[in-house]
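Set out below in structure tokens:
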């Protein structure tokens, strides 16, 4: 289990999405931290978006990212931007890597659209 101070904005972390209900993402999978470092210091939860390795199903607002030595993903992956979720630290087991600045900028632009900002 990871603790407060172990996680930063842009980190890619192994996350347990179970138990889940209905159309929520399931299983243990990578997720990108989208919560600011300032808010991470104040909060007991962490806001993330899930990743999937199913690159054949890229939807309009999804972001395709290539596996590389910085993000340490095993395969090219898709950031699923719409299922924004906050979890307790107990759901996070290990840091995988870090998303690049371009990916985080694209996620930030999606969040502005998602929340009408």
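Numbering (UniProt numbering), first residue to last: 1 to 117. Glycine included, every Cβ here is placed at the ideal spot set by N, Cα and C.
Going by beta carbon distance, what residues of the same chain come within less than 7 Å of residue i, once the five residues before and after it are set aside?
{"i": "residue 68", "result": "none"}
Identify which residue in the options has its Cα closest to the Cα of residue i.
{"i": "residue 91", "options": "105, 54, 14 and 112", "result": "14"}
{"i": "residue 160", "options": "38, 82, 96 and 113", "result": "Past the boundaries of the shown model lies residue 160; the chain is included only from 1 to 117, so the question cannot be answered."}
{"i": "residue 54", "options": "8, 29 and 1", "result": "29"}
{"i": "residue 71", "options": "11, 6 and 1", "result": "11"}
{"i": "residue 79", "options": "3, 111 and 41", "result": "111"}
Could you check the C-alpha separation between residue i and residue j for me, to the nearest Å?
{"i": "residue 105", "j": "residue 9", "result": "12 Å"}
{"i": "residue 16", "j": "residue 74", "result": "18 Å"}
{"i": "residue 58", "j": "residue 51", "result": "11 Å"}
{"i": "residue 107", "j": "residue 115", "result": "12 Å"}
{"i": "residue 26", "j": "residue 18", "result": "6 Å"}
So, for residue i: in the same chain, excluding its five sequence neighbours on each side, which residues have a beta-carbon less than 6 Å away from its beta-carbon?
{"i": "residue 23", "result": "none"}
{"i": "residue 47", "result": "34, 35 and 86"}
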